[in-house]
Ligand SMILES: Cc1cc2nc3c(=O)[nH]c(=O)nc-3n(C[C@H](O)[C@H](O)[C@H](O)COP(=O)(O)OP(=O)(O)OC[C@H]3O[C@@H](n4cnc5c(N)ncnc54)[C@H](O)[C@@H]3O)c2cc1C
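Numbering (our numbering), first residue to last: 933 to 1310.
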């Protein structure tokens, strides 16, 4: 079989290596529009590449295809594949990283495996169009025409376009009748309507609760929050963006001291006064920020400390987001991720309408779908 893959990222390269391992006689050619393969991998996990997570989150998804693929390729199965191509990993809590703590190791190992198993990578190759007929698929790129039996799209969404995923494939897919769910930047900071400039750069570990415009709680998580000059960032804020699906005035409430009860704070306040309370419990930047609005004692604890409220404006853009929500709809593919309308066309990775939280779950999806399709193309 001759199989083309569009996109030399985590999912496309996993597919290609695994296919050649399973079916050495197949020819697999990866078409990548950049001058390098796997550019995004180098940026993952702050250069350390958080490549997986031991906690199974498959039950958080309603879509049966997502659920079953994540269940089919849990952490241990993925680790087996990574081990087989010399990517040795270690755990930091539930998060898995290469033992070297360097994303370069992951990229190099993937490229070595491509060489070892005979995956061809055509750089600076951009698909212009393709035709599907009874005999197979003809793919036209800026470099020539290729006659293929199957074609796998692995081009991700629009996040971090400088790393290759710029949405340039969308017009071609739309021309072929796919109605993609509009891409939306997620896993990124948010702009808030309230000013945060005074506390820019301040970090704290707290609880983030996000409320819909009708005060319904839609997200809650504990973890690190970072104030920016015009909004909020940090892993928990990144995760919250997956739930802020519309342009609405969501309310983001921060409990600055989730481990300290209101009673303890009230007691301390009674004995020592407000300045002593703030100075004892909060970062000096937050003390100044809170005192500036001169709250009364009740507001100080109930609002400023236990529920500091920000009105969400919008998320930051695709330039900084780690992942794109949206993409090829699951109703348009079968359980093998093959198009229902075009025989022999497959989709893997972030291009599908999947987005996972921080913690390795997006690379896990890329790897899981690559492995799944490599096994199921017949
Ligand atoms: C800064 C950053 C940090 C991240 N950190 C983590 C992390 O630590 N852990 C984690 O799990 N996830 C992380 N992610 C998310 C994760 O990297 C992606 O979800 C994952 O790489 C998606 O894999 P993919 O194969 O679908 O797409 P990609 O890896 O984006 O690969 C897509 C490939 O397709 C190519 N392409 C696009 N359009 C075309 C076209 N028209 N023609 C030819 N080629 C094309 C691109 O150049 C690219 O090489 C991070 C993302 C970013 C941006």
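Ideal placement from N, C-alpha and C gives every residue a C-beta, glycine not left out.
In this text, all values refer to a predicted model and were calculated from it rather than measured experimentally.
In angstroms with no decimal places, state the Cα-to-Cα distance between residue i and residue j.
i, j, result
"residue 1021", "residue 974", "16 angstroms"
"residue 1066", "residue 1285", "28 angstroms"
"residue 972", "residue 1256", "14 angstroms"
"residue 1269", "residue 1216", "52 angstroms"
"residue 1043", "residue 1030", "15 angstroms"
"residue 1079", "residue 1125", "53 angstroms"
"residue 1236", "residue 1222", "7 angstroms"
"residue 923", "residue 1167", "The displayed coordinates of the chain run from 933 to 1310. Any statement about residue 923 would go beyond what the structure contains."
"residue 1104", "residue 1037", "34 angstroms"
"residue 1277", "residue 1087", "13 angstroms"
"residue 1106", "residue 1219", "52 angstroms"
"residue 1263", "residue 1023", "36 angstroms"
"residue 933", "residue 1051", "13 angstroms"
"residue 1174", "residue 1247", "10 angstroms"
"residue 1183", "residue 1259", "27 angstroms"
"residue 939", "residue 1085", "7 angstroms"
"residue 1091", "residue 1251", "6 angstroms"
"residue 1249", "residue 1063", "34 angstroms"
"residue 1074", "residue 1057", "6 angstroms"
"residue 1159", "residue 1132", "5 angstroms"
"residue 1195", "residue 1295", "43 angstroms"
"residue 1231", "residue 1185", "14 angstroms"
"residue 1301", "residue 1192", "43 angstroms"
Please report the Cβ distance between residue i and residue j, rounded to the nearest whole angstrom; I am assuming they are in contact, meaning their Cβ atoms lie under 8 angstroms.
i, j, result
"residue 1254", "residue 1096", "With a Cβ gap of about 14 angstroms, residue 1254 and residue 1096 do not count as contacting."
"residue 1121", "residue 1154", "Actually they do not touch by this definition, with Cβ atoms about 18 angstroms apart."
"residue 1272", "residue 1280", "Going by Cβ atoms, the distance from residue 1272 to residue 1280 rounds to 16 angstroms, so no, they are not a contact pair."
"residue 1180", "residue 1145", "5 angstroms"
"residue 942", "residue 1298", "4 angstroms"
"residue 1028", "residue 985", "6 angstroms"
"residue 1200", "residue 1209", "5 angstroms"
"residue 1240", "residue 1188", "6 angstroms"
"residue 1197", "residue 1233", "5 angstroms"
With DSSP collapsed to three states, give me the class of residue i.
i, result
"residue 946", "helix"
"residue 1131", "helix"
"residue 1079", "strand"
"residue 1257", "strand"
"residue 1250", "coil"
"residue 1156", "strand"
"residue 995", "coil"
"residue 1073", "strand"
"residue 1018", "coil"
"residue 973", "helix"
"residue 1244", "strand"
"residue 1183", "strand"
"residue 953", "helix"
"residue 935", "strand"
Counting only beta-carbon atoms, is residue i nearer than 9 angstroms to chain B?
i, result
"residue 1155", "Note that chain B does not occur in the displayed structure, where there is just one protein chain."
Are the Cβ atoms of residue i and residue j separated by less than 9 angstroms?
i, j, result
"residue 970", "residue 935", "no"
"residue 912", "residue 1114", "The question about residue 912 has no answer here: the residues shown for the chain are numbered 933 through 1310."
"residue 951", "residue 1309", "yes"
"residue 1128", "residue 1161", "yes"
"residue 1150", "residue 1142", "yes"
"residue 988", "residue 1009", "no"
"residue 963", "residue 1117", "no"
"residue 1019", "residue 1053", "no"
"residue 1089", "residue 1283", "yes"
"residue 1083", "residue 960", "no"
"residue 1016", "residue 953", "yes"
"residue 1071", "residue 1081", "no"
"residue 1352", "residue 1123", "This structure cannot settle anything about residue 1352, because the visible part of the chain is limited to 933 through 1310."
"residue 1171", "residue 1290", "yes"
"residue 999", "residue 993", "yes"
At which residues does the beta strand (DSSP E) containing residue i begin and terminate?
i, result
"residue 1165", "1163 to 1165"
"residue 1062", "1059 to 1065"
"residue 1302", "Note, residue 1302: premise wrong, no beta strand (DSSP E); alpha helix (DSSP H) at 1293 to 1308."
"residue 1052", "1052 to 1054"
Does at least one heavy atom of ligand 3 sit under 8 angstroms from the Cβ of residue i?
i, result
"residue 1166", "No copy of ligand 3 appears in this structure; the ligands present are ligand 1."
For the alpha helix (DSSP H) that contains residue i, what are its first and last residues?
i, result
"residue 1121", "Neither: residue 1121 is in no alpha helix (DSSP H) and is coded neither H nor E."
"residue 1038", "1035 to 1049"
"residue 959", "Where residue 959 is concerned, there is no enclosing alpha helix (DSSP H), although the beta strand (DSSP E) it sits in stretches over 959 to 963."
"residue 1221", "1216 to 1224"
"residue 1200", "1194 to 1204"
"residue 1232", "Taken as a continuous stretch (DSSP letters only), residue 1232 belongs to no alpha helix (DSSP H), as it is neither H nor E."
"residue 1103", "1102 to 1107"
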